[in-house]
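With full-length UniProt numbering as the guide, the letters of the sequence shown map in order to residues 1 to 212.
The beta carbon of each residue, even a glycine, is placed where N, CA and C say it ideally should be.
Computed from a predicted structure; not experimentally measured.
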Amino acid sequence: MNDDELMSRLQRIDPSSGVPVHPVDGPDAAALLEQIMNEPITPAAPAKNPYTPSRKAWWGFGVAAAALVAVGATVVVLDNNSSTQDSQSVQATSTTVALSDVPVGPIGSSCIRLEGFQPPAGTVAFQGTVESVDAGTVTLTVSHWYTAGTDTQVVLNVPDASQPSPAMEGAVNFTVGDEFLVATTDGQVFGCGVSGPVSPELTALYQQWFPA
Numbered sequence: 001m002n003d004d005e006l007m008s009r010l011q012r013i014d015p016s017s018g019v020p021v022h023p024v025d026g027p028d029a030a031a032l033l034e035q036i037m038n039e040p041i042t043p044a045a046p047a048k049n050p051y052t053p054s055r056k057a058w059w060g061f062g063v064a065a066a067a068l069v070a071v072g073a074t075v076v077v078l079d080n081n082s083s084t085q086d087s088q089s090v091q092a093t094s095t096t097v098a099l100s101d102v103p104v105g106p107i108g109s110s111c112i113r114l115e116g117f118q119p120p121a122g123t124v125a126f127q128g129t130v131e132s133v134d135a136g137t138v139t140l141t142v143s144h145w146y147t148a149g150t151d152t153q154v155v156l157n158v159p160d161a162s163q164p165s166p167a168m169e170g171a172v173n174f175t176v177g178d179e180f181l182v183a184t185t186d187g188q189v190f191g192c193g194v195s196g197p198v199s200p201e202l203t204a205l206y207q208q209w210f211p212a
């Protein structure tokens, strides 16, 4: 194949073959140049989002999300009136609602005010004295059940009850000999002030949340 044959072959497969080419000094080129000169070089600003989340909207987000955090404790109920231990436990990786007197921040924090908390159906609540705090368990002797319950002891299974993690927001710090009000759901302990040492304020809330 010589040069002429190669050139002829390339011209046949050229996709631009047959497309008219306008001279640079022709009217079509002048019109195209005029169009380019009139085109704005600054891009238009993107349209602003008319909706800006307000603090009230974030509050709704915090409540709708139920402020779920992992408290990392499971509950085992011991019946001293039976020869066997009746155990009700849930894996520590499950999540539970944790509410406290800390208001929701602009990004929706994990705790809201106690006055706005409503325990979900099936919540178990009691008052008891801490008998022991060991690495992995907290044992309480129950003095009063706010919900249906007859057992005399409750054991809370935690990763390390003697050294609560500061990163575990809302965790309850149990102290031997002190009385605590404890609320649980699905085997998990509510934190962030819902469960805590007995006080007139918290007792009044428990009487409101769990009327006889």
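- Each residue's CA atom was taken as its position, placing Leu114 and Asp134 some 29 Å apart.
- Ranked by Cα distance from Gly191, the first of Asp25, Leu10, Leu181 is Leu181.
- According to the DSSP assignment, Asn157 belongs to the beta strand (DSSP E) that extends over 153–157.
- Taking all protein chains in view, the Cβ of Gln118 is surrounded by fewer than 16 other Cβ atoms within 10 Å, so the residue is classified as exposed.
- Here the alpha carbon of Pro40 sits roughly 38 Å from the alpha carbon of Gln11.
- Selection Ala171, Gly136, Ser195, Gly128 evaluated against Thr150 yields Gly128 as nearest (Cα-Cα).
- Minimum Cα-Cα distance from Ala183 among the listed residues Gly177, Pro20, Ser195 corresponds to Ser195.
- Taking a C-beta distance under 9 Å as the contact criterion, Asp178 and Pro200 do not qualify as a contact pair.
- If you look at Glu39, you'll find it isn't in any beta strand (DSSP E); DSSP assigns it neither H nor E.
- A straight line joining the alpha-carbon of Ile13 with that of Glu5 spans about 13 Å.
- For Thr203, the closest of Leu140, Ala171, His144 by C-alpha to C-alpha distance is His144.
- Straight across, the Cα-Cα distance linking Asn2 with Pro20 is about 28 Å.
- Going by DSSP, Gln207 is part of the alpha helix (DSSP H) stretching over 200–209.
- Setting aside the 5 residues that flank it on each side, Thr141 is surrounded in the same chain by Gly128, Thr129, Glu131, Thr152, Gln153, each with a C-beta closer than 8 Å to its C-beta; the list follows chain order.
- Nearest Cα to Phe210 within the set Val172, Ser8, Thr123, Pro27: Thr123.
- In its chain, beyond the 5 residues on either side, Val130, Glu131, Ser132, Val133 have a beta carbon closer than 8 Å to the beta carbon of Val176.
- Burial check for Gly193: the Cβ neighbour count within 10 Å reaches 16 or more, so the residue is buried.
- DSSP places Ala183 within a strand segment (E or B) once states are collapsed to three.
- Taking 9 Å as the cut-off, the beta carbon of Ala125 is found closer than this to the beta carbon of Tyr206.
- When rounded, the separation of the alpha-carbon atoms in Pro27 and Pro15 is 25 Å.
- Out of Ala212, Ser8, Leu32, Gln35, the CA that lies nearest to the CA of Ala148 is found in Ala212.
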